[in-house]
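Numbering (this note's numbering), first residue to last: 214 to 366.
Where is the CB? At the ideal position from N, CA and C, for every residue including glycine.
Since the structure comes first, as structure tokens, the remarks are kept for the end.
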């Protein structure tokens, strides 16, 4: 999986986690794999892996970051909670893994904990990457632990 920190052993672990897996998810994953191996131009499936950036804002200025470059012509925005819920409702029966990060700092989205709980409730393997250059106090840490997050990078 391109630009991802999830490994094949992680995928195997997910496939054997009965709380996250379903027959539909396995069939969708197999159809995706067959399509990729067969080099099909279009896949008639839903994603088995979904990566969403909850916040295209960041609290640090890394010298090589794409947020600073002109190549990323995206307004500084945060993923709206209702849009996230609607997306999850459309794909949760077929999607195994959801990554909640890309170029921004996910914890800058004030709704991130609600979003994580919703995806967890829909039985998706959920992981997030953070620079943790934020104030982390005990209530914040408790929210992370109780959010349903499967992996934190």
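Residue 298, enclosing alpha helix (DSSP H) - first and last residue: 294-304
Proximity of residue 319 and residue 268 at Cβ, strictly below 8 Å: yes
Limits of the unbroken beta strand (DSSP E) element including residue 313: 310-313
Cα-Cα separation between residue 347 and residue 271, rounded to whole angstroms: 10 Å
Cβ-Cβ separation, residue 234 to residue 159 (assumed contact under 8 Å), whole Å: Within the shown structure, residues of the chain are numbered from 214 to 366, placing residue 159 beyond reach of any answer.
DSSP state of residue 215 mapped onto helix, strand, coil: Note that residue 215 scores a pLDDT of 43, beneath 50, so its modelled location is shaky and nothing firm can be said.
Span of the alpha helix (DSSP H), counted from its first residue to its last, around residue 331: 325-334
Whole-angstrom C-beta distance between residue 329 and residue 313, which should lie under 8 Å: 7 Å
When 273, 310, 327, 278 are compared against residue 295, the one with the closest alpha-carbon: 327
Which listed residue (231, 317, 366, 261) has its alpha carbon closest to that of residue 192: With the chain represented from 214 up to 366, any question about residue 192 goes unanswered, as that position is not in the structure.
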